[in-house]
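Structure first, then comments.
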Amino acid sequence: MPLIAVLGAAIIILLLISWWKRASGELLLIMAVAALCAVVMFSWNGLLSPFTVIDVGFPLMAAFDNLSYLSFIILAIASFLSLVASYNYVKERGQNFGAYIVLILFALFGGMIMSCGTNLIAIFIGLETLSLSAYALAGYNKDLASGEASIKYFVLGAAASAILLLGIAFYFGASGSFEISNIRLQVMNLQAEVTNKNIFLLSAALIITGFGFKTASVPFQWWAPDVYEGSPLPVTTFFATAVKAAAFVAFYRIVSSMIPVTGDTLMQAFYVIAVLTMTFGNVCAIYQDNVKRMLAYSSIAHAGYIMIAFVFMSRDMIAAKEAMLFYLLTYTVMTAGAFACLTMLKRKGVNHELTDISNLAALGKRSPWFAFAFSVFLLSLAGFPPTAGFFAKFYIFKSAIQNGFVNLAIIAVINSLISVYYYMRPVVVMYFGSDQLPRVSESTDEEFNYSTAGVIILCMILVLILGLFPNAVLSMIGM
Amino acid sequence: MNYLILAIVIFCIGVLGLLVRRNLIVMLMSVELMLSATNITFVYFSKVWGVLDGQVAVLLNFVMAACEAAVGLAIIVQLFKLKGTVDIGNWRELKK
Chain A
363 MPLIAVLGAA IIILLLISWW KRASGELLLI MAVAALCAVV MFSWNGLLSP FTVIDVGFPL
423 MAAFDNLSYL SFIILAIASF LSLVASYNYV KERGQNFGAY IVLILFALFG GMIMSCGTNL
483 IAIFIGLETL SLSAYALAGY NKDLASGEAS IKYFVLGAAA SAILLLGIAF YFGASGSFEI
543 SNIRLQVMNL QAEVTNKNIF LLSAALIITG FGFKTASVPF QWWAPDVYEG SPLPVTTFFA
603 TAVKAAAFVA FYRIVSSMIP VTGDTLMQAF YVIAVLTMTF GNVCAIYQDN VKRMLAYSSI
663 AHAGYIMIAF VFMSRDMIAA KEAMLFYLLT YTVMTAGAFA CLTMLKRKGV NHELTDISNL
723 AALGKRSPWF AFAFSVFLLS LAGFPPTAGF FAKFYIFKSA IQNGFVNLAI IAVINSLISV
783 YYYMRPVVVM YFGSDQLPRV SESTDEEFNY STAGVIILCM ILVLILGLFP NAVLSMIGM
Chain B
100 MNYLILAIVI FCIGVLGLLV RRNLIVMLMS VELMLSATNI TFVYFSKVWG VLDGQVAVLL
160 NFVMAACEAA VGLAIIVQLF KLKGTVDIGN WRELKK
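This is the structure we're talking about:
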């Protein structure tokens, strides 16, 4: 049902904008938001109802369990935030908002197929639907930076898809089926046949490479900072939240099916990836003067924290799922908030984005509420106690320690201490630092726009709710 | 087994072409080569297991590859309009 709502809305809007050229942006936005609300409502219903859709007479290739429903909700929230935040952004630049909405909705549809698919081919098709829309979205600004981001994302993403597809082919070769669950039945056979097991490990390596690209984890992260910097801001929000969340959920499903066969072999690979990813992200983020690029590196670092859940997955699959989903939800909300704050920054008559750190100077005096909201999101990203980011990190580190990965947890805590430095830098600049950095000649002038401000307020409320009452959400995830 | 070796050789040629060549059109062709190599793998494993799933996957891959080429060429055309070249050596707007 949620899938039909998104696809239906995307097609209706597509037809509407092609027949009725003067359709107003508000109308299209309201339709898209209605579809997203329908997704949340259907998923909520599905989450609460005791029935699970298992057999409807034809191969469904999808599982509708609480993992899929919760990821539907996360994806819908992420798309909602980037859609609403982009309304003014797109309008000011005189671009076609209808096509933008349609691309976001198709990307969301692909992401939802990815997160509920139980067949590797279905997951791959979802991934391609998501990626192809994302390539087009990255190039939505008609300037050189956006074009470069788009082509970089396209070439590397297409290569990653091909590698992932080769991984799927070897998976098929080892198990004789594309079904993820099927592999469990064949564990016994595989233990006997060494060749098959080797093919299977090869496929696991290729699949990890493919998803490593999509989730931007080391050593496949090189595209991320450039693409995040070059893309339009709301689209960057979408990449950092929805694309990443969908990739992680699909990755979780595939890896959870591999664990019975591979045992602890994959764990070591994930250990290395997690440590390298968070260290790389945090260390590189220190040197960035562009806040957008800094947030791109920070998103790499957060992918590293989420990878911790994959490390202890072979010990405790349920805890890994809960920690990952909670982290994805909080990460989505706080990153979308931070990017929405950046979208607010602009100067009259200037169309390019003002994301350099000097543009934030003395913002605390000029617009205190706005500076306060941005500080809350940055504190949350850094993981300070009253906000959501703290509990997400706490939960994931706690599960790691419970499963015996004390060293990993220590490395992760050291990393979050490093991250405090670069998250605090914009805050310091906003409140105290009008002299440290070269000022731009004219002061930035935040025009108030309701859609973006609404997104910031909503994210703020969600961050505080998730931070103050994490138990309510956790019990929902654990259902 | 020979099919598999062929597929892997073609795949490696694709990867090499992607890494070495600087022309966007040729890079797109290299990606298509990688996808075709994967198709050979699918057909081979389909034959080994005696099921048709792999061959159905090949058909789906053709559609995927066509979509990817369409989007890729559209992006390349837009870049060509902006800059007048399809050589990626000339693209350094973003910090390296």
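Chains as they are written, first to last, in my numbering: chain A, 363 to 841; chain B, 100 to 195. Each residue gets a CB set at the ideal place from its N, CA and C atoms; glycine is no exception. Note that the structure is predicted; figures quoted are calculated from it, not measured.
Query, Result
"Residue of ALA438(A), ASP678(A), ASN644(A), ALA520(A) minimising C-alpha distance to ILE466(A)", "ALA438(A)"
"Chain B contacts made by the region 461 to 474 of chain A, where a contact means CB separation under 9 Å", "none"
"Distance between VAL835(A) and TYR659(A) (C-alpha atoms, nearest Å)", "28 Å"
"CB contact below 9 Å: VAL119(B) versus chain A", "no"
"Minimum Cβ-Cβ distance from ALA372(A) to chain B less than 9 Å", "no"
"CB contact check: THR137(B) to chain A, cutoff 9 Å", "yes"
"Amino acids of chain B, ordered along the chain, whose beta-carbon sits closer than 7 Å to that of TYR497(A)", "VAL170, ILE174"
"Between the CA atoms of LEU158(B) and ASN833(A) - distance to the nearest angstrom", "47 Å"
"Alpha-carbon to alpha-carbon, THR140(B) and THR480(A)", "21 Å"
"Beta-carbon proximity check, LEU429(A) vs SER405(A), cutoff 9 Å", "no"
"Boundaries of the alpha helix (DSSP H) in which ARG787(A) is found, first to last residue", "768 to 793"
"CB of GLU136(B) within 9 Å of CB of ILE104(B), strictly", "Note that residue 136(B) corresponds to Ala in the displayed sequence, not to Glu. No, the pair does not count as a contact, with Cβ atoms beyond the cut-off."
"Residue environment, PRO587(A), which counts as buried when at least 16 other CB atoms sit within 10 Å", "buried"
"Rounded separation between ASP797(A) and TYR783(A) - CA only", "Here the model assigns ASP797(A) a pLDDT of 49, short of 50, so the residue's position is not dependable and the matter cannot be decided."
"Residue span of the alpha helix (DSSP H) that contains LEU445(A), given as start and end", "428 to 454"
"Supposed contact pair PRO594(A) and ALA447(A) - C-beta distance, whole angstroms, cut 8 Å", "Wrong, their Cβ atoms sit about 11 Å apart, outside the cutoff."
"Counterpart residues of ALA424(A) in DSSP-defined beta bridges", "GLY479(A)"
"Local conformation of ASN833(A) per DSSP, three classes", "helix"
"Closest Cα partner of LEU115(B) within the set VAL170(B), ALA164(B), LYS146(B), VAL130(B)", "VAL130(B)"
"Cβ-Cβ separation, GLY726(A) to ILE792(A) (assumed contact under 8 Å), whole Å", "Note on identity: in this sequence residue 792(A) is Met, with Ile being the wrong assignment. About 5 Å separates the two Cβ atoms, so the contact holds."
"Alpha-carbon spacing of LEU132(B) relative to ALA522(A), whole angstroms", "13 Å"
"Proximity to ALA607(A) [Cα-Cα], best of ALA744(A), GLY473(A), THR624(A)", "GLY473(A)"
"Cβ-based neighbour list, PHE688(A), same chain, cut-off 7 Å, excluding 5 preceding and 5 following", "ALA754, TYR757, VAL835, LEU836, ILE839"
"Below-9 Å beta-carbon distance, ALA156(B) vs any chain A residue", "yes"
"Short CB-CB distance (under 9 Å) between ILE616(A) and chain B", "no"
"Reference LEU824(A); option with closest CA among THR697(A), PHE468(A), SER579(A)", "THR697(A)"
"Beta carbon of ALA702(A) nearer than 9 Å to that of LEU443(A)", "yes"
"CB of MET648(A) within 9 Å of CB of ILE780(A), strictly", "Looking at the sequence provided, one finds Ile at residue 648(A) rather than Met. In this structure, ILE780(A) lies closer than 9 Å to ILE648(A) by Cβ."
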